[in-house]
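Below is one structure; the comments refer to it alone.
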Amino acid sequence: FFFDYVYMKTPLNHCVDNFKKGFVDSLRFSIITPFFLQSHELRGVFWQFLLLNGIFVLGSLYVGPYIRDGIANALMSLTNDPNASHSFITAFAFLFKFAWMWPIRILAHLLNCVWSFRVFDEASKLQSFKQQTSFTQSYDRFLRYVTEYVYQLALLFFFWLEVNLCSLLPYVGFALSFLLCCWLHAFYVFDYRWAYEGKSLERRVKAFELSWDYYFGFGTPMTLMYFALCRIPQHGPFVAFGVTSILFPIHIIVATCLRPHATPNGHRMPIFSHFAMKGVEMVLALRRICRRLA
3 FFFDYVYMKT
13 PLNHCVDNFK
23 KGFVDSLRFS
33 IITPFFLQSH
43 ELRGVFWQFL
53 LLNGIFVLGS
63 LYVGPYIRDG
73 IANALMSLTN
83 DPNASHSFIT
93 AFAFLFKFAW
103 MWPIRILAHL
113 LNCVWSFRVF
123 DEASKLQSFK
133 QQTSFTQSYD
143 RFLRYVTEYV
153 YQLALLFFFW
163 LEVNLCSLLP
173 YVGFALSFLL
183 CCWLHAFYVF
193 DYRWAYEGKS
203 LERRVKAFEL
213 SWDYYFGFGT
223 PMTLMYFALC
233 RIPQHGPFVA
243 FGVTSILFPI
253 HIIVATCLRP
263 HATPNGHRMP
273 IFSHFAMKGV
283 EMVLALRRIC
293 RRLA
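Per our numbering, the sequence shown starts with residue 3, numbered consecutively.
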């Protein structure tokens, strides 16, 4: 019994338990069923996600090559030089990818962001959440919201940049980028609810870093699927984007319903804190500038 007690109290075992809780919670898709049964608007928004990402994004991967080949053949018929035709096809295929695929992905990403707020708003109404944030009470409160939102965008952007830089490292790059992607997905999903509850960005980051093992487990299933789909030849990243975008609103609803029961292990992992010092300075400087202008 003594050895069992020692084993149960080890920090590693505590982290593993929290990881398993987060992993299991992220797969509790059954809890979204009452939401879809009760809300016609929620079903409509989900169909919009499905049509946009399933047909518009993924369908463009199938239709795009036919359009590309048709235009290329029509343009090649204007020249009789085979060497020029080969180089033209290579250059045209490269340009077509940026002129066709990337605008579609950017447009889909913007619409996904807008519709994600609608999904959470409807889910929070069904959960009877009481919104704690009111930005019309005072100018200082509104200013705090704006500055924190700007800092949050910068925080997530530089974190995303760090993920891509870590992926370039030899040997450990893949593991590090996978770990960071898990945390990024979990933070992004839960942040809708935290912001709605009126928690400051500092409190959100602190709560996240104290339960880093739970959120690592929560973000693992979606990140695993994304990395696996990225291995598909040619258009892997676009396929991964389309599929995960379809499932993203489901994860928002799951995070809205959950009451994470992971116990902080007392060891705060500085996932976002290494950006915090400069971020706080930036927020304070921006607030001072806005007050002077006002």
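Ideal Cβ positions, reconstructed from N, Cα and C, are used throughout, including at glycine.
Taking all protein chains shown into account, decide if Trp162 is buried (16 or more other Cβ within 10 angstroms of its Cβ) or exposed. exposed
Please classify His253 as buried or exposed, where buried requires at least 16 neighbouring CB atoms within 10 angstroms. His253 comes out buried.
* Would you mind reading off the limits of the alpha helix (DSSP H) that contains Glu204? => Judged by DSSP secondary structure, Glu204 falls within the alpha helix (DSSP H) whose first and last residues are 203-212.
Please classify Ala127 as buried or exposed, where buried requires at least 16 neighbouring CB atoms within 10 angstroms. Looking at the sequence shown, residue 127 is not Ala but Lys. Result: exposed.
From this set, Cys17, Leu249, Val256, Leu212, which residue's C-alpha is nearest Pro272's C-alpha?
Leu212
Worksheet item: Short check: CB of Tyr190 to CB of Gly24, under 8 Å?
Response: no
Do Ser41 and Val256 have their CB atoms nearer than 8 Å?
no
Checklist entry - When the Cβ atoms of the region 195-203 are set against those of the region 165-184, are three or more pairs found closer than 8 Å? => result With contact defined as three or more Cβ pairs closer than 8 Å, the region 195-203 and the region 165-184 are not in contact.
*Nearest-angstrom Cα distance between Pro239 and Phe58?*
15 Å
- Item | Where Thr12 falls: helix, strand or coil (DSSP) | coil
_Beta-carbon within less than 7 Å of Leu231's beta-carbon, same chain only, minus the 5 sequence neighbours each way: which residues are those?_
Gly238, Val241, Ala242, Val245
- request: Using three-state DSSP, classify Arg107 as helix, strand or coil.
  value: helix
- Can you tell me whether DSSP reads Ile254 as helix, strand or coil? Helix at Ile254.
**Message:** Below 8 Å, how does it come out for the region 93-102 and the region 63-74: are there three or more Cβ pairs, yes or no?
**Reply:** yes
Item checked: Ala209 versus Leu260 - alpha carbon distance -> If you take the alpha carbons of Ala209 and Leu260, they lie about 15 Å apart.
Subject >> Burial state of Tyr228, where buried means 16 or more other Cβ atoms lie within 10 Å >> reply: buried
Quiz prompt | Cβ pair Gly219, Asn20 closer than 8 Å | solution = yes
Practice task
Just confirm the distance between the C-beta atoms of Phe51 and Pro251, as a whole number of angstroms; I'd bet it's less than 8 Å.
Solution key: 5 Å
Residue-level contact to chain D via CB, Lys208, 8 Å cutoff:
You won't find chain D in this structure, because it holds only one protein chain.
* If Ile234 sits next to Gly56, beta carbons under 8 Å apart, how far is it from one beta carbon to the other, in whole angstroms? -> Actually they are not in contact, since the Cβ atoms of Ile234 and Gly56 sit about 16 Å apart, beyond 8 Å.
- Message: Helix, strand or coil, according to DSSP, for Glu124 in the structure here?
- Response: helix
Pull up the distance between the alpha-carbon of Phe48 and that of Pro13, whole angstroms please. 40 Å
Which residues in the same chain have their Cβ closer than 6 Å to the Cβ of Arg45, if we skip the five residues on either side of it in sequence?
-> Phe38
>> Between the alpha carbons of Cys168 and Gln129, how many angstroms are there, rounded?
In response: 39 Å
**OP:** Quick one: grab the DSSP three-state call for Asp19.
**Re:** helix
With the cut-off set at 8 Å, would you say Ser79 and Ile106 are in Cβ contact? In this structure, Ile106 does not lie closer than 8 Å to Ser79 by Cβ.
**Prompt:** Grouping DSSP H, G and I as helix and E and B as strand, with all else coil, what is Val245?
**Reply:** The three-state secondary structure of Val245, taken from DSSP, is helix.
Q | Coarse secondary structure for Glu43, derived from DSSP in three states | A | Judged by DSSP in its simplified three-state form, Glu43 adopts helix.
Original post:
Which whole-angstrom value is the C-beta distance of Phe122 and Thr225, which I expect to be below 8 Å?
Top reply: At roughly 21 Å, the Cβ-Cβ gap does not stay under 8 Å, so Phe122 and Thr225 are not in contact.
Query raised in the report: Could you check where the alpha helix (DSSP H) with Ile69 kicks off and where it finishes?
Result: That run of the alpha helix (DSSP H) goes 60-78.
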